[in-house]
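My numbering numbers the first residue of the first sequence as 62 and each following residue consecutively.
Beta carbons: idealized from backbone N, C-alpha and C, even for Gly.
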Amino acid sequence: MKYWLMKSEPSELSIDDLKARPRGTAPWDGVRNYQARNYMRDDMKKGDQILFYHSSCPEPGVVGIAQVVREAYPDPTAFDPKSHYYDPKSSPDKVQWMMVDVKFVRKLKRVIGLQELKAERKLDGFALTRRGNRLSVMPVTKQQWDTVVGME
DNA sequence: GCCAACGTTGGC
DNA sequence: GCCAACGTTGGC
Numbered sequence: 062m063k064y065w066l067m068k069s070e071p072s073e074l075s076i077d078d079l080k081a082r083p084r085g086t087a088p089w090d091g092v093r094n095y096q097a098r099n100y101m102r103d104d105m106k107k108g109d110q111i112l113f114y115h116s117s118c119p120e121p122g123v124v125g126i127a128q129v130v131r132e133a134y135p136d137p138t139a140f141d142p143k144s145h146y147y148d149p150k151s152s153p154d155k156v157q158w159m160m161v162d163v164k165f166v167r168k169l170k171r172v173i174g175l176q177e178l179k180a181e182r183k184l185d186g187f188a189l190t191r192r193g194n195r196l197s198v199m200p201v202t203k204q205q206w207d208t209v210v211g212m213e
């Protein structure tokens, strides 16, 4: 089993939104970055654990835990001209973008803020806090996972 | 709204 | 293959 961190803007999909979905499950659509896609397509397996991170919001930080419940399949928003995530270079015949389904596990008792994560020495080298990192899907080591969850 | 940092595009 | 221009991300 692997560990991941996934970023979501709470105005798009917050941890509470995820919890409120039927079965607490949502497709992780809209990823349009090759590296993030490759992680989802090649490495994410059912049961993998996810740190759910809120970005572009008043209090950026890790807010909860989710897990992978369906492995990679084509992201239909790429084929939909009306979608904000439409990609004309993609088609059902030539799938470019894939997504996984994630399921709510639990909320953390509090938000582990970005500043706190940056200040934690045990998280030196953490992909999230590396300068200029913009990946929305990134791997987390077991040690990093334990450290973050341990800060709850 | 600003800006740093990065990815992508396209001319050559 | 290089690199400038442009678009996006995301914190502040």
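A residue is called buried once 16 or more other Cβ atoms fall within 10 Å of its Cβ, and residue 108, having fewer, is exposed. Taking one beta carbon from each stretch, the region 167-175 and the region 97-104 have fewer than 3 pairs nearer than 8 angstroms; the two do not touch. Three or more Cβ pairs drawn from the region 160-167 and the region 76-95 lie within less than 8 angstroms of each other, which places the two stretches in contact.
If you check the CB distance, residue 62 and residue 198 do not come in under 8 angstroms.
Per the C-alpha coordinates, the member of 82, 122, 129 positioned closest to residue 105 is 129. With a cutoff of 8 angstroms on beta-carbon distance, residue 166 and residue 112 are scored as not near each other. Residue pairing for residue 65: DSSP places it in a beta bridge opposite 111, 200. If the five residues before and after residue 206 are omitted, its C-beta is found closer than 6 angstroms to the C-beta atoms of 64, all from its own chain and listed in chain order. When secondary structure is reduced to three states using DSSP, residue 85 falls in the helix class.
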